[in-house]
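S.K.: I am attaching a structure below and will ask some questions about it afterwards.
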Amino acid sequence: MGLRGYGHADVRLPSPLEEVNDEFLREHGVRLLLKRDDLISAEVPGNKWRKLHLNLQAAHEQGRSTLLTFGGAYSNHIRAVAAAGRACGFSTIGVIRGEEHLPLNWSLAYATEQGMRLEYLDRTTYRAKHTSEVIDGLRGRFGDFYLLPEGGSNALAVRGCATIADEIDEDFDAVCCACGTGGTLAGLAAGLSAGQEAIGFSVLKGGGFLNGEVRRFQEEAGVVTGNWSIETGYYFGGFAKYPPELAAFIREFQARHGVLLERIYVAKMLAGVYDLAARGRFRRGSTVVALVTGPPEDMDDQNTGGRASA
Ligand SMILES: *Cc1c(COP(=O)(O)O)cnc(C)c1O
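Using the working numbering, you'd call the opening residue of the sequence shown number 20 and step up by one each time.
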C-alpha cells in the first residue's frame, strides 16, 4: 500500500546541506550550514515529514485506516496530515479550533482537497481536546482512529527527528531549530554526538514553558539528554506576527543568499542565530547548522502579516 510507494515517489533523503557564504558571520567566526529539510517533500515538507513517518507506519501496523488530529485554521500540521494520509491511503479527520468560516481559507481548502474531513470544536472544548472525555466523544462519532496530537509531537515524532543529525556529514558544534511544540528540538538533540549542542528558538511569546515540554517529549521517547537549550527572546511580537524587522531580515537573506525563508518559524530562528553570533554566543571557529524546518507558504509573497498558523 501507499506508505512505501509514497516514500519512493516524493521523499528526498538525506536533505541537502548547504553552506551560507556570509561575511557578517565570518567576521564573528561562525560558519553556517543550512540543513534543507524544506526540500524533503513538496507535499509533506520539513519537520512534518520527520514527525509523521514513524506514526504512519505505526498506524498501518495497528491496522488503523483513519488518522485524526487537531489544529488551528492555518495549521501546517493539518495540511501535512491531510497530504500524508492521502498519499498513504488513510482517511483523515482534522479537528479545527473555533467555528467554521466559509469560504474555507486556502489552508483548509487544501486540506479538504486532500480528502480530509473537517470538524470544528468551540474554543472551550478545544482546550480540553486531549482529555479522554473529548477523545471518547470523537471515537463515538467517528469510530476507531489513530490519534496524532496537535502539532504532531509524540514519542514517535521525537524518534523521527533523532536521525536528522546522522545525515549531517560535516563536523559541527551546534544545530539550531525553531520551536512550536518543541518536539523537533527534543528529537534533534537526542541524535547529537558528545560535545554538540542543540539550540531551539521559541516562535511563541513566553516560550519558557518549552523547557518542560522538550524534557517531557524526551522522557516519553526514552531519550533524555542535557545538550539543548531554548532561546526565548526571538519571537518577534508573537506567534505568526510579522514585524518590519523580520520582513527586512527575510528580504536581505533572500537578496544575499537566494533563499526565501518561511516567516513563522524559520526566519525567526535564523534571525536569532545571526544575533547570537554577533553577541559572541558561538566560540570563534564554530560551525553552526540551522535546520530549515519548512518552506515558505504560497501565501508568503503576499502581505498577510498577523495571520495565525500553528
Ligand atoms: C510545525 C513547524 C515547526 C514546529 O515544530 P515543533 O516540533 O512543533 O517545535 C517548525 N518549523 C516549521 C516550518 C513548522 O511547520
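Think of the CB as a built atom: it goes at the ideal place given N, C-alpha and C, for glycine as much as any other residue.
1) Alpha carbon to alpha carbon, what distance is there between PRO263 and ALA297?
2) Report, in whole angstroms, the separation of the C-beta atoms of ALA99 and LEU71, which I expect to be a contact under 8 angstroms.
3) Quick one, are the C-beta atoms of TYR261 and VAL222 less than 8 angstroms apart?
4) How long is the line joining the alpha carbons of ALA176 and GLY210, rounded to whole angstroms?
5) Determine the closest residue to ASP57 out of LEU36, GLN76, GLY48, LEU51, with distance taken between C-alpha atoms.
6) By how many angstroms is the C-alpha of ASN74 removed from the C-alpha of PHE161?
7) For ALA309, which option in GLN133, ARG69, TYR284 has the closest C-alpha, if you only look at C-alpha atoms?
8) Skipping 5 residues on each side, what residues in its chain have a beta carbon closer than 6 angstroms to that of VAL292?
9) Alpha carbons only, please: which of SER34, LYS67, ARG105 is nearest the one belonging to ILE59?
10) Suppose only complete runs of 4+ residues qualify. What are the alpha helix (DSSP H) ranges in the stretch 117-152, listed by chain order?
11) CA-CA distance, GLY199 and GLY159?
12) Measure from the alpha carbon of ARG302 to the alpha carbon of each residue in ASP41, GLU46, VAL30, VAL242, then state which is nearest.
13) Taking Cβ positions, are HIS96 and THR88 nearer each other than 8 angstroms?
14) On the criterion of 16 or more Cβ atoms from any shown chain inside 10 Å, does LYS54 qualify as buried, or is it exposed?
15) With 16 other CB atoms within 10 Å as the buried threshold, where does LEU289 fall?
16) Given a cut-off of 8 angstroms on the beta-carbon distance, is the pair THR251 and GLY227 in contact?
17) Determine the burial state of GLN273: buried for a count of at least 16 other Cβ atoms within 10 Å of its Cβ, exposed for fewer.
18) Which two residues bound the contiguous alpha helix (DSSP H) that contains LEU44?
19) Are there any heavy atoms of ligand 1 lying less than 7 angstroms away from the beta-carbon of THR244, as far as the coordinates show?
20) Give the single residue among ALA259, VAL233, GLY219, ASP29 whose Cα lies nearest to the Cα of VAL311.
21) Exposed or buried, what is LYS67 when buried is set at 16 or more other beta-carbons lying within 10 Å of its beta-carbon?
22) Between ASP192, GLY257, GLY134, GLY65, which has its C-alpha nearest GLY304's C-alpha?
23) For PHE109, I'd like the list of residues in its chain whose CB is within less than 7 angstroms of its CB, leaving aside the five on either flank, ordered along the chain.
24) Taking the beta carbon of PRO64 as the centre, do at least 16 other beta carbons fall within 10 Å, making it buried, or is it exposed?
25) What does DSSP give as the partner residue(s) for ILE218 in the beta ladder?
26) With a threshold of 7 angstroms, establish whether the CB of GLU250 neighbours any heavy atom of ligand 1.
27) What is the DSSP secondary structure of ILE112, counted as helix, strand or coil?
28) In whole angstroms, what separates the C-alpha of ALA174 from that of SER151?
M.R.: Answer, in terms of the structure:
1) Within the sequence shown, residue 297 is the residue found at index 278, counting from 1. Within the sequence shown, residue 263 is the residue found at index 244, counting from 1. ALA297 and PRO263: Cα-Cα distance of roughly 20 angstroms.
2) Position 80 of the sequence shown, counted from the first residue, corresponds to residue 99. Position 52 of the sequence shown, counted from the first residue, corresponds to residue 71. With a Cβ gap of about 6 angstroms, ALA99 and LEU71 count as contacting.
3) For this step, residue 261 is matched to residue 242 along the sequence shown. For this step, residue 222 is matched to residue 203 along the sequence shown. Not in contact: TYR261 and VAL222 (Cβ atoms no closer than 8 angstroms).
4) Along the sequence shown, read from residue 1 onward, the residue named residue 176 stands at position 157. Along the sequence shown, read from residue 1 onward, the residue named residue 210 stands at position 191. Straight-line Cα distance between these residues: approximately 13 angstroms.
5) Residue mapping note: residue 57 aligns to position 38 of the sequence shown, counting from 1. Of the candidates LEU36, GLN76, GLY48, LEU51, the one whose C-alpha sits nearest the C-alpha of ASP57 is LEU36.
6) The residue you call residue 161 lines up with position 142 of the sequence shown. The residue you call residue 74 lines up with position 55 of the sequence shown. Spanning the two alpha carbons is a distance of roughly 20 angstroms.
7) Here residue 309 is taken as the residue at index 290 of the sequence shown, counted from 1. When each option's Cα is compared against that of ALA309, the closest is TYR284.
8) One-based indexing of the sequence shown puts residue 292 at position 273. Hits under 6 angstroms: CYS195, ALA309.
9) For the purposes of this step, residue 59 is taken as the residue at position 40 of the sequence shown. Answer by Cα proximity: SER34.
10) 125-132, 142-146
11) Walking along the sequence shown from the start, residue 199 turns up at place 180. Walking along the sequence shown from the start, residue 159 turns up at place 140. Going from the Cα of GLY199 to the Cα of GLY159 covers about 30 angstroms.
12) If you number the sequence shown from 1, residue 302 lands on position 283. With distances taken between Cα atoms, ARG302 lies closest to GLU46.
13) For the purposes of this step, residue 96 is identified with residue 77 of the sequence shown, where counting begins at 1. For the purposes of this step, residue 88 is identified with residue 69 of the sequence shown, where counting begins at 1. Yes.
14) As a working note, residue 54 is residue 35 in the sequence shown. It counts as buried.
15) For the purposes of this step, residue 289 is identified with residue 270 of the sequence shown, where counting begins at 1. Looking at its Cβ environment, which holds 16 or more other Cβ atoms inside 10 Å, LEU289 is buried.
16) Taking the first residue of the sequence shown as position 1, residue 251 is located at position 232. Taking the first residue of the sequence shown as position 1, residue 227 is located at position 208. Cβ atoms of THR251 and GLY227: closer than 8 angstroms.
17) Taking the first residue of the sequence shown as 1, we reach residue 273 at position 254. By the neighbour-count rule (16 or more Cβ atoms within 10 Å), GLN273 is not buried but exposed.
18) Counting from one through the sequence shown, the residue named residue 44 turns up at place 25. Counting along the chain, the alpha helix (DSSP H) containing LEU44 begins and ends at 42-46.
19) Start at 1 with the first residue of the sequence shown, and residue 244 comes out as number 225. Every heavy atom of ligand 1 is 7 angstroms or more from the Cβ of THR244, so no.
20) Here residue 311 refers to the residue found at position 292 of the sequence shown. VAL311 has its Cα closest to that of GLY219, out of ALA259, VAL233, GLY219, ASP29.
21) The residue given as residue 67 occupies position 48 in the sequence shown. Buried: at least 16 other Cβ atoms inside 10 Å.
22) Here residue 304 corresponds to residue number 285 of the sequence shown, with the count starting at 1. Closest by alpha carbon: ASP192.
23) Numbered from its first residue, the sequence shown carries residue 109 at position 90. Within the same chain, PHE109 has close Cβ partners ALA78, SER84, THR85, LEU86.
24) Here the question's residue 64 lines up with position 45 in the sequence shown. PRO64 is buried by the Cβ-count criterion.
25) Residue mapping note: residue 218 aligns to position 199 of the sequence shown, counting from 1. DSSP, once it has assigned bridges, lists CYS195, SER248 as partnering ILE218.
26) As a position in the sequence shown, residue 250 is number 231, starting the count at 1. The answer is no for GLU250.
27) The residue given as residue 112 occupies position 93 in the sequence shown. Strand.
28) If you number the sequence shown from 1, residue 174 lands on position 155. If you number the sequence shown from 1, residue 151 lands on position 132. Taking the straight line joining both Cα atoms gives about 19 angstroms.
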